[in-house]
Amino acid sequence: MSPAINSLGLDDVVAAETVLSHVDGEAGRLIIRGYDLDELAGRWSYEAVAGLLWSGFAPEDGEAAVRAALGRARVAAFDTALALLPQAKALSPVEGLRLLLAALPDASPVPAHVLATAAVPVFAAAIVRQGRGLAPVPPDATLGQAEDFLRMVRGEAVPAAHARALDIYMVTVIDHGLNASTFAARVVAATRAGMASSVVAGLCALKGPLHGGAPGPVLDMFDAIGTEAAAGAWLGDALDRGERLMGFGHRVYKVRDPRADVLKTVAASLKGGGNRVRLAEAVEAAALDLLKARKQTKPLQTNVEFYTALVLEALELPREAFTAVFAAGRVAGWAAHVMEQEQTGRLIRPQSRYVGPLPRRAA
Ligand code: ACO
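All residue numbers for the sequence shown refer to numbering that gives the first Met the number 0, where the first residue is 0 and numbers rise by one.
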């Protein structure tokens with residue numbers, strides 16, 4: 000007997016109280032601990048926003064202390080990367096990241112939230128280089144996370160504009176209410192399983208194409224469409240086949256995802272990004288027209304992943320590693336939620352409604 004498909008996706012269910020971030024889906028507004036995203040993006044570094052999220056939950060206080068702690072922890076995480084990298088060879092980048100993150104201890108001399116946050120870019124950079132047949136580059140503890148991440152990927156100093164663009168990207172995705180990966184991390188944290196286990200859970204949820212796995216396929220879509228003129232017909236055919244258009248739709252936003260605007264500006268500012276921005280604008284306009292005409296049950300708008308694809312492409316990061324790069328930004332948010340859950344939350348244990356057959360004799 001095949002089970003009937005049900006529509007339970009916990010829409011509008013409140014499953015946690017948090018001081019960390021709020022997604023206002025009607026207004027298209029993202030608040031990060033008392034600041035609109037627009038206020039923070041481009042003004043505060045990743046380390047400053049991580050410190051804001053961790054404040055009161057962890058001892059690191061302020062941008063300089065977070066930057067120093069993350070720098071030291073990146074150096075500590077590099078040994079784990081070296082030891083396990085060969086085992087990640089046959090895996091996709093995000094699967095490799097999952098393998099390496101799973102090797103982190105839940106208890107260690109380096110505070111677990113710092114270690115996890117530092118480890119993701121170190122591991123992701125080493126995995127990208129391994130995919131290119133190159134040896135990993137050790138971290139530079141004096142740099143910020145974004146700049147050091149790009150440097151570890153490229154193996155050379157990074158232009159300031161690129162470091163800044165990645166830093167803004169990482170701030171833009173650092174936290175986003177009770178999204179699927181953060182919820183997964185909080186569920187594991189609520190059992191007191193520990194930071195590394197919770198962060199691995201977050202990554203596992205992030206990896207799916209309905210969540211953080213979308214930006215690579217967005218680029219595939221741009222490649223397949225090719226020209227601005229071809230957008231409408233290509234997208235129409237995709238919808239006819241019953242496909243979802245990657246980079247559109249969101250459970251909470253009823254209007255445009257504010258992160259898309261921040262990242263569109265970043266993409267346009269990067270050398271080489273210009274042509275794809277024009278193509279992206281044409282694809283976006285055609286997609287929104289088609290979705291409005293054909294999907295009337297719910298307003299479907301552009302989400303963060305659409306312009307993420309352009310930013311990460313312009314930074315010369317490989318598309319198969321985009322989800323791992325997303326994790327390098329989101330991990331500080333996961334860590335904050337794990338600490339909040341551990342300090343203020345209870346075991347998360349919902350109920351299911353039984354719709355199976357009534358008990359009978361086993362005979
Ligand atoms: N393209 C085409 N149709 C869509 C899309 C889309 N991108 N998104 C939703 N729909 C349709 C569904 O097919 C459904 O149509 P129906 O009523 O005719 O069956 C209707 O809109 C409602 O869809 P739901 O699945 O109920 O929406 P939900 O809130 O569960 O999904 C999600 C949100 C997963 C983001 C969805 O919009 C989607 O799959 N988007 C494409 C993938 C993507 O961009 N993911 C990144 C999300 S951002 C992030 O997680 C960081």
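Glycine included, every Cβ here is placed at the ideal spot set by N, Cα and C.
Does the ligand ACO have even one heavy atom less than 7 Å from the beta-carbon of A183?
Counting from 1 along the sequence shown, the entry for residue 183 is found at position 184. No, the ligand ACO has no heavy atom inside 7 Å of this Cβ.
Check the DSSP bridge columns for A371 and list the partner residues they point to.
Past the edges of the chain, shown from 0 to 362, lies residue 371, and the structure says nothing about it.
Residue environment, Y353, which counts as buried when at least 16 other CB atoms sit within 10 Å:
For this step, residue 353 is matched to residue 354 along the sequence shown. Answer is exposed; the Cβ neighbour count stays below 16.
Problem - Neighbourhood of E46 by C-beta distance below 7 Å, restricted to the same chain and skipping five residues each side - result: Translated into positions along the sequence shown, residue 46 becomes position 47. Hits under 7 Å: E62, V65, R66, L69, G143, Q144.
Can the beta-carbon of G193 be found closer than 8 Å to that of A111? On the sequence shown, residue 193 is found 194 positions in, with the first residue counted as 1. On the sequence shown, residue 111 is found 112 positions in, with the first residue counted as 1. The answer is yes: Cβ separation under 8 Å.
query = Under 8 Å between the Cβ atoms of V113 and A72?
reply = Looking up residue 113 in the sequence shown gives position 114. Looking up residue 72 in the sequence shown gives position 73. It is a contact, given that the beta carbons lie within the stated cut-off.
- Query: Is P85 near the ligand ACO, with its Cβ less than 7 Å from a heavy atom?
  - Reply: In the sequence shown, counting from the first residue as 1, residue 85 sits at position 86. For P85, the Cβ stays outside the 7 Å cut-off from all heavy atoms of the ligand ACO.
* the ligand ACO heavy atoms versus the CB of P208: any closer than 7 Å? -> To locate residue 208, count along the sequence shown from 1; it is residue 209. Checking every heavy atom of the ligand ACO against the Cβ of P208, one is found closer than 7 Å.
L36 and V265 look like a contact to me (Cβ under 8 Å); what is the Cβ gap, rounded to whole Å? Translated into the one-based positions of the sequence shown, residue 36 becomes position 37. Translated into the one-based positions of the sequence shown, residue 265 becomes position 266. Actually they do not touch by this definition, with Cβ atoms about 13 Å apart.
Exercise for review: Return the bridge partner residues of R293 from the DSSP annotation.
Suggested key: As a first step, residue 293 must be located in the sequence shown, where it is residue number 294. Paired residues: none, contrary to the question.
Paired residues, beta bridge with D35 - DSSP: The residue labelled residue 35 in the question sits at position 36 within the sequence shown. D35 has I30 as its beta-bridge partners, per DSSP.
Review point. When DSSP builds the beta bridges, which residues end up paired with S20?
Key: Along the sequence shown, read from residue 1 onward, the residue named residue 20 stands at position 21. Bridge partners of S20: I31.
Practice prompt. Give the single residue among A189, A229, H210, A281 whose Cα lies nearest to the Cα of H175.
Written response: As a working note, residue 175 is residue 176 in the sequence shown. Taking only the C-alpha atoms, the option nearest H175 is H210.
Give me whichever residues DSSP pairs with T301 in a beta bridge.
Taking the first residue of the sequence shown as 1, we reach residue 301 at position 302. For T301, DSSP records a beta bridge to F247.
| In whole angstroms, what is the alpha-carbon distance linking F247 and P358? | For the purposes of this step, residue 247 is taken as the residue at position 248 of the sequence shown. For the purposes of this step, residue 358 is taken as the residue at position 359 of the sequence shown. Their Cα atoms are separated by approximately 44 Å.
Contact defined as beta carbons within less than 8 Å: I believe A195 pairs with L100. What is the distance between those atoms, to the nearest angstrom?
Within the sequence shown, the letter at position 196 stands for residue 195. Within the sequence shown, the letter at position 101 stands for residue 100. Contact flag correct, Cβ pair sits at about 7 Å.
If you draw a straight line from the C-alpha of K263 to the C-alpha of F305, how long is it? Within the sequence shown, numbered from 1, the residue matching residue 263 stands at position 264. Within the sequence shown, numbered from 1, the residue matching residue 305 stands at position 306. The alpha-carbon atoms of K263 and F305 are separated by roughly 9 Å.
Cβ neighbours of P92 in the same chain (closer than 6 Å, five flanking residues each side left out) | Taking the sequence shown and counting its residues from 1, one reaches residue 92 at position 93. I126, E319, A320, A323.
- Query: Which word fits D147, buried or exposed, when buried means at least 16 other C-beta atoms lie within 10 angstroms of its C-beta?
  - Reply: Residue numbering aside, residue 147 sits at position 148 when the sequence shown is read from its first letter. So D147 counts as buried.
| task | Please look up how many angstroms separate the CB atoms of V121 and P138, rounded, as I've assumed it's under 8 Å. | result | Your numbering for residue 121 matches position 122 in the sequence shown. Your numbering for residue 138 matches position 139 in the sequence shown. Right, their Cβ atoms sit about 6 Å apart.
* E227 beta carbon less than 8 Å from that of R275 -> For this step, residue 275 is matched to residue 276 along the sequence shown. For this step, residue 227 is matched to residue 228 along the sequence shown. Going by C-beta atoms, R275 is not nearer than 8 Å to E227.
**Asked** Where does the unbroken alpha helix (DSSP H) through A68 begin, and where does it stop?
**Response** Reading the sequence shown from its first residue, position 69 is the one you call residue 68. 62-83 is the extent of the alpha helix (DSSP H) around A68.
**OP:** Give the C-beta separation of L269 and A162 to the nearest angstrom, bearing in mind that I take them to be a contact with Cβ-Cβ under 8 Å.
**Re:** To locate residue 269, count along the sequence shown from 1; it is residue 270. To locate residue 162, count along the sequence shown from 1; it is residue 163. Rounded, the Cβ-Cβ distance is 12 Å, inconsistent with contact.
Worksheet item: Which residue from L299, V282, S351, P135 puts its Cα closest to that of R255?
Response: Position 256 of the sequence shown, counted from the first residue, corresponds to residue 255. In this structure, L299 is the residue among L299, V282, S351, P135 with its C-alpha nearest to the C-alpha of R255.
| query | Under a three-way DSSP split, which group does A362 fall into? | reply | One-based indexing of the sequence shown puts residue 362 at position 363. Coil at A362, not helix or strand.
Let me confirm a value: E16 is counted as buried when at least 16 other C-beta atoms fall within 10 Å, else exposed. Which label applies? Reading the sequence shown from its first residue, position 17 is the one you call residue 16. With fewer than 16 other Cβ atoms from the protein chains shown falling within 10 Å of its own Cβ, E16 counts as exposed.
- [ ] Check whether the Cβ of T296 sits closer than 7 Å to any heavy atom of the ligand ACO, and report yes or no.
- [x] Numbered from 1 along the sequence shown, position 297 holds the residue referred to as residue 296. Judged by the Cβ position, T296 qualifies as a neighbour of the ligand ACO at the 7 Å threshold, a heavy atom of the ligand being closer than this.
I'd like to know whether the C-beta atoms of I347 and V186 end up nearer to each other than 8 Å. Mapped onto the sequence shown, residue 347 falls at position 348. Mapped onto the sequence shown, residue 186 falls at position 187. Going by C-beta atoms, I347 is nearer than 8 Å to V186.
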